[in-house]
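Visitor:
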Amino acid sequence: MVEKQGTVKNARGIHLRPATLLRKAVDGYAGTVEVIGPDGTTANPHSVLSVMSLALVQGETFTVRVNGENEEDECNKILNLLESIFEFEK
Numbered sequence: 590m591v592e593k594q595g596t597v598k599n600a601r602g603i604h605l606r607p608a609t610l611l612r613k614a615v616d617g618y619a620g621t622v623e624v625i626g627p628d629g630t631t632a633n634p635h636s637v638l639s640v641m642s643l644a645l646v647q648g649e650t651f652t653v654r655v656n657g658e659n660e661e662d663e664c665n666k667i668l669n670l671l672e673s674i675f676e677f678e679k
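Quick note on numbering: the numbering used here labels position 52 of the sequence shown as 641, and the sequence is numbered without any gaps.
Pasting the structure below:
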């Protein structure tokens with residue numbers, strides 16, 4: 590199991606579009622992936638609504654937990670995505 594912390598940098602937080610990109614990024618991964626909010630609430634990134642329920646805003650920290658094959662790479666991919674400043678926000 591790999592666990593890493595990140596910080597939301599997007600000015601609008603993690604809303605529908607980023608949550609959808611996250612869902613697409615984890616589709617097909619055979620292991621388990623969780624995104625954990627600052628209050629300890631866990632979200633399943635295979636569900637856009639689950640991720641949005643974390644209500645992550647700019648500056649908040651979150652944790653990505655991955656368990657399975659190539660977990661280090663998968664965790665880094667998800668962490669980088671959630672820390673992105675999305676082009677469609679301009």
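Think of the CB as a built atom: it goes at the ideal place given N, C-alpha and C, for glycine as much as any other residue. Since the structure is predicted, the reported quantities are computational estimates derived from the model, not experimental observations.
(1) Any idea if P634 is buried or exposed, counting beta-carbon neighbours within 10 angstroms, 16 or more meaning buried?
(2) Who are the near neighbours of N656 in its chain, counting only those whose CB is closer than 7 Å to its CB and skipping five residues on each side?
(3) Throw me the rounded Cβ distance for the Q594 and T650 pair, which I believe falls under 8 Å.
(4) Mapping DSSP to helix, strand and coil, what is K613?
(5) With DSSP run on the structure shown, which of helix, strand or coil describes K598?
Guide: Concretely, from the data shown:
(1) buried
(2) M590, G620, T621
(3) Contact annotation, Q594 with T650: C-beta distance approximately 6 Å; criterion of less than 8 Å satisfied.
(4) helix
(5) Coil, per DSSP.
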